[in-house]
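Scroll down for the structure; my scribbles are underneath it.
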Amino acid sequence: MTTQRKTIIAGNWKMNKTPKEARELASAIVASVKGKSDLPETVLCPPFTAIHDAIETTKGSPLKVGAQHMDYRDEGAFTGEISPVMLVAMGVTHVIIGHSERRQFFGETNATVNLRLKAALKHKLIPIVCVGETLDEREEGLTDAVVRRQVAAALLDIDEAQTGTLVIAYEPVWAIGTGKTCEAAEANRVAILIRGTVNEFYSRAESGKKPPKSSAGERIPVLYGGSVKPSNVDEQLALPDIDGSLVGGASLKADEFLPIIEAGKKRVKVSGAKLAPSGA
Ligand code: PGA
Numbered sequence: 000m001t002t003q004r005k006t007i008i009a010g011n012w013k014m015n016k017t018p019k020e021a022r023e024l025a026s027a028i029v030a031s032v033k034g035k036s037d038l039p040e041t042v043l044c045p046p047f048t049a050i051h052d053a054i055e056t057t058k059g060s061p062l063k064v065g066a067q068h069m070d071y072r073d074e075g076a077f078t079g080e081i082s083p084v085m086l087v088a089m090g091v092t093h094v095i096i097g098h099s100e101r102r103q104f105f106g107e108t109n110a111t112v113n114l115r116l117k118a119a120l121k122h123k124l125i126p127i128v129c130v131g132e133t134l135d136e137r138e139e140g141l142t143d144a145v146v147r148r149q150v151a152a153a154l155l156d157i158d159e160a161q162t163g164t165l166v167i168a169y170e171p172v173w174a175i176g177t178g179k180t181c182e183a184a185e186a187n188r189v190a191i192l193i194r195g196t197v198n199e200f201y202s203r204a205e206s207g208k209k210p211p212k213s214s215a216g217e218r219i220p221v222l223y224g225g226s227v228k229p230s231n232v233d234e235q236l237a238l239p240d241i242d243g244s245l246v247g248g249a250s251l252k253a254d255e256f257l258p259i260i261e262a263g264k265k266r267v268k269v270s271g272a273k274l275a276p277s278g279a
């Protein structure tokens, strides 16, 4: 059996780039991917104020534009928020949900991640749900428990049939913006744990019924994020359960982001050939 999962390279620009700077960066990326085949699904996630410019600049190219966050309600008296309806109307295709910076600084919880995931699926935005442990949690040996809890909480009350577009990103908090990368083999191990958690979640028995056997975890792309750079991405994407990268700092400069897209291209070529799935 070979993996059919898509390869995804997403750039999370965080609170960086004015509209003009966004156009410059997006144009440089467009120029270099134009006419190329075997590209990974490549997503630029600018701040809300540069989404329009990114969409205009990438029109007619294979690049997609995602949001870094959104409200889970369609409209209403929620000062400062942006709704999924607004994002879809602009041409946004993807949305990052539950990034650790949202969890750390803006009160995001497992419960609000679940609400946002439901809203993204309802509005046909491709959700990239972020999970990952803090340094303290890792040192206390809680990595697996934290990741499993975050994944299961995100999926609460969501039918397996609705998860067709779901993407999960494993982003250990201690590796984000720190230059400390998680060892590729360890990231791959956690990616397998994430798949196993999804399978278990959808294999629970309803009272009085025979438990279904789910393999949803095998088809969900799992990305790694946390100090991804041109120098470490090849090693990560060579592993069978890491389907792509969620890139922060290195997505802000074309000369750093383009080699990461190239690494994604290599994975697109070999996936289905050399990359055997874990079978976990
Ligand atoms: P980093 O950020 O690549 O700068 O570590 C990753 C992220 O926060 O998604």
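Once you know that position 56 of the sequence shown is 55 in numbering that gives the first Met the number 0, the rest is easy, because the numbers rise by one and skip nothing. No residue lacks a Cβ here, since even glycine has one placed at the ideal position from N, Cα and C.
Secondary structure of residue i, DSSP reduced to three states
i, result
"residue 28", "helix"
"residue 279", "Interpretation of residue 279 is limited by its pLDDT of 32, a score under 50 that renders its predicted location unreliable; the figure taken from the coordinates is listed afterwards. Coil at residue 279, not helix or strand."
"residue 70", "coil"
"residue 195", "helix"
"residue 274", "Any reading at residue 274 needs caution, since the residue's pLDDT is 48, under 50, leaving its predicted position unreliable; the model's value is listed next. Three-state DSSP puts residue 274 in a strand."
"residue 11", "strand"
"residue 0", "Caution is warranted here: a pLDDT of 41 is assigned to residue 0, below 50, making its placement in the model unreliable, and no coordinate value can be reported."
"residue 247", "coil"
"residue 41", "strand"
"residue 219", "coil"
"residue 166", "strand"
"residue 227", "coil"
"residue 268", "helix"
"residue 83", "helix"
"residue 5", "coil"
"residue 260", "helix"
"residue 19", "helix"
Minimum C-alpha distance to residue i - residue among the options
i, options, result
"residue 280", "145, 93, 34 and 100", "Because the chain in this structure spans residues 0 to 279, residue 280 falls outside the shown range and cannot be described."
"residue 146", "223, 130, 138 and 181", "130"
"residue 180", "155, 235, 153 and 196", "235"
"residue 9", "220, 123, 237 and 34", "220"
"residue 224", "61, 117 and 243", "243"
"residue 107", "114, 97 and 116", "97"
"residue 103", "138, 171, 38 and 32", "171"
"residue 160", "117, 148 and 26", "117"
"residue 4", "228, 239, 260 and 254", "239"
"residue 149", "43, 112, 77 and 34", "112"
"residue 64", "261, 6, 188 and 52", "52"
"residue 73", "192, 168, 34 and 114", "114"
"residue 31", "255, 218 and 203", "255"
"residue 214", "19, 203, 208 and 207", "203"
Whole-number beta carbon distance between residue j and residue i, since they are thought to touch under 8 Å
i, j, result
"residue 109", "residue 153", "7 Å"
"residue 99", "residue 175", "6 Å"
Unbroken beta strand (DSSP E) run spanning residue i, endpoints
i, result
"residue 95", "93-96"
"residue 50", "It is not in any beta strand (DSSP E) - residue 50 instead sits in the alpha helix (DSSP H) that spans 47-57."
"residue 211", "No beta strand (DSSP E) holds residue 211; DSSP gives it neither H nor E."
"residue 241", "Where residue 241 is concerned, there is no enclosing beta strand (DSSP E), given that its DSSP letter is neither H nor E."
Endpoints, alpha helix (DSSP H) assigned at residue i
i, result
"residue 134", "134-138"
"residue 112", "109-121"
"residue 172", "Note, residue 172: premise wrong, no alpha helix (DSSP H); not H, not E."
"residue 154", "142-154"
"residue 102", "99-104"
Proximity test, residue i beta-carbon vs ligand 1 heavy atom, cut-off 7 Å
i, result
"residue 113", "no"
"residue 222", "no"
"residue 343", "Outside the displayed span of the chain (0 to 279) sits residue 343, for which this structure offers no information."
"residue 152", "no"
"residue 167", "no"
"residue 175", "yes"
"residue 237", "no"
"residue 68", "no"
"residue 245", "yes"
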